[in-house]
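Working notes, beginning with the structure itself.
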Amino acid sequence: MSPSIVDLQALAVTLDAAAHQRHEIDPLTPRHAFTLDQAYAIQRASLAQRHARGEHPIGIKLGFTSRAKMVQMGVDSLIWGLLTDGMLREEGSIVDLADFIHARVEPEVCFLTKRNIDRPLSLLEAGNYLEAVAPAMEIIDSRYRNFKFTLEDVVADNCSSAGLVIGAFSSATDDLRKLSNRGVAMRFNGHAVQLGSTGAILGNPLRSIVQASQLLSKAEMTLPAGSLIMAGAATAAEALRPGLHVSTDIGGLGRVEFFTGAIV
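Just so you know, the sequence shown maps onto residues 28 to 291 in the working numbering.
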């Protein structure tokens, strides 16, 4: 039997409580079978809990921007989650790992929009909707035990989004045409832990804007001008631990960094 609206709301409250109180839960789908569309309904209801506590929407994040990951999970488009100002961490600051359950970090490209995205865009149009671009890192933190979940589970859990650190923005018009193959290096205490290319993000991070516009249109949502779009990971994620200086350099875009504090 398909879950009712009441059931979906209850699952959203469960996920929000796990994130807010920082405790693991078992995956939901073994006991509560729900569809991908229902997973997005749970996601939106869970984020509504955060909004009710005073957090404000600031944009969206994209996941499964690797073609290999799409094939692995049996999907033909990326997945997406919603960002709030409560997820922002100041660039160069100390990030308290006690705010998370089992945090990981991955290097990304972040876009700032200059126009409302209210319809599906072509690749040729995408750049005209962007104000600026920056190097960034996303802190992901699945609320599920041992980071184990199904596709529907991770979507319901807001695609594991937990935090984001954004470097300095530069003019999109200067940089967009060169985004397709920029070197990416993420380091812990100066030692490389992940090396890659922005080309791992759908071959060109701009394609994430196209995909995002299609997903927004399907959901009958408009992304306002001035929003952030986290384009997806350029490499695999790395588990965070106390006492780290975490930095990511993206060729031509610059560096973004933060520190991890001790867990007490």
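Don't be surprised by glycine CBs; every beta carbon is placed ideally from N, CA and C. Since the structure is predicted, the reported quantities are computational estimates derived from the model, not experimental observations.
(request) Buried or exposed for methionine 248, please, with buried defined as at least 16 other CB atoms from any protein chain shown within 10 angstroms of its CB. (result) Exposed is the call here.
(request) Please name the residue in Pro57, Asp64 and Arg58 whose C-alpha comes closest to that of asparagine 185. (result) Considering only alpha carbons, the answer is Asp64.
(request) Report the residue from Val40, Gly154 and Lys141 whose alpha carbon sits nearest the alpha carbon of leucine 203. (result) Gly154
(request) Give every residue of the same chain whose Cβ lies closer than 6 angstroms to the Cβ of isoleucine 166, excluding the five residues on either side of it in the sequence, and list them in chain order. (result) Correct list, in chain order: Ala130, Val132, Ala189 and Gly190.
(request) Spell out the partners DSSP gives valine 283 in its beta bridges. (result) Thr275
(message) Counting only C-beta atoms, is isoleucine 85 closer than 7 angstroms to chain C at any point?
(response) No chain C is present in this structure, which holds just one protein chain.
(message) For glutamate 152, report the span of its alpha helix (DSSP H) as first-last.
(response) 150-153
(request) With DSSP as the reference, please indicate the residues paired to proline 30 in a beta bridge. (result) Bridge partners of proline 30: none, in fact.
(message) I'd like to check one pair, isoleucine 236 with glycine 259: are the Cβ atoms closer than 7 angstroms?
(response) No.
(message) Could you tell me the alpha carbon to alpha carbon distance between valine 74 and glycine 223, rounded to whole angstroms?
(response) According to the sequence provided, residue 74 is leucine. The question's valine does not apply to it. Using only the alpha carbons, I get a separation of about 32 angstroms.
(message) Ignoring anything shorter than 4 residues, give me the alpha helix (DSSP H) runs that lie fully in the segment 223-261, in order along the chain.
(response) Counting only runs of 4 or more, we get 233-245.
(message) Could you tell me the alpha carbon to alpha carbon distance between proline 147 and lysine 245, rounded to whole angstroms?
(response) Going by the C-alpha atoms only, they are around 9 angstroms apart.
(request) Check the DSSP bridge columns for cysteine 137 and list the partner residues they point to. (result) Ala161 and Met257
(message) For a test of the three-state rule: what should DSSP assign to phenylalanine 215, helix, strand or coil?
(response) strand
(message) With the cut-off set at 7 angstroms, would you say alanine 261 and proline 84 are in Cβ contact?
(response) Judged by their CB atoms, alanine 261 and proline 84 are not nearer to each other than the 7 angstroms cut-off.
(request) List the endpoints of the continuous beta strand (DSSP E) containing serine 188. (result) Annotation: the continuous beta strand (DSSP E) that includes serine 188 extends over 188-193.
(message) In whole angstroms, give me the CA-to-CA distance for threonine 62 and threonine 140.
(response) Cα-Cα distance, rounded: 31 angstroms.
(request) Please classify leucine 206: is it buried, with 16 or more other beta-carbons within 10 angstroms of its beta-carbon, or exposed? (result) buried
(message) Could you tell me the alpha carbon to alpha carbon distance between valine 220 and proline 30, rounded to whole angstroms?
(response) Taking the straight line from one Cα to the other gives about 42 angstroms.
(message) Buried or exposed for glutamate 51, going by 16 or more other Cβ atoms inside 10 Å?
(response) Glutamate 51 should be labelled exposed.
(request) Could you give the DSSP three-state label for glycine 113: helix, strand or coil? (result) In the three-state scheme derived from DSSP, where H, G and I count as helix and E and B as strand, glycine 113 is classed as helix.
(request) Determine the extent of the alpha helix (DSSP H) in which isoleucine 69 is found, giving its start and end residues. (result) Per DSSP, the continuous alpha helix (DSSP H) segment holding isoleucine 69 begins and ends at 63-79.
(message) Spatial neighbours of threonine 287 within its chain, please: C-beta separation below 6 angstroms, excluding the five flanking residues on both sides.
(response) Val122, Leu124, Leu267, Pro269 and Leu271
(request) Please state if the CB of leucine 250 and the CB of isoleucine 144 are separated by a distance shorter than 7 angstroms. (result) yes
(request) Using beta-carbon positions only, say whether phenylalanine 196 and alanine 161 come within less than 7 angstroms of one another. (result) yes
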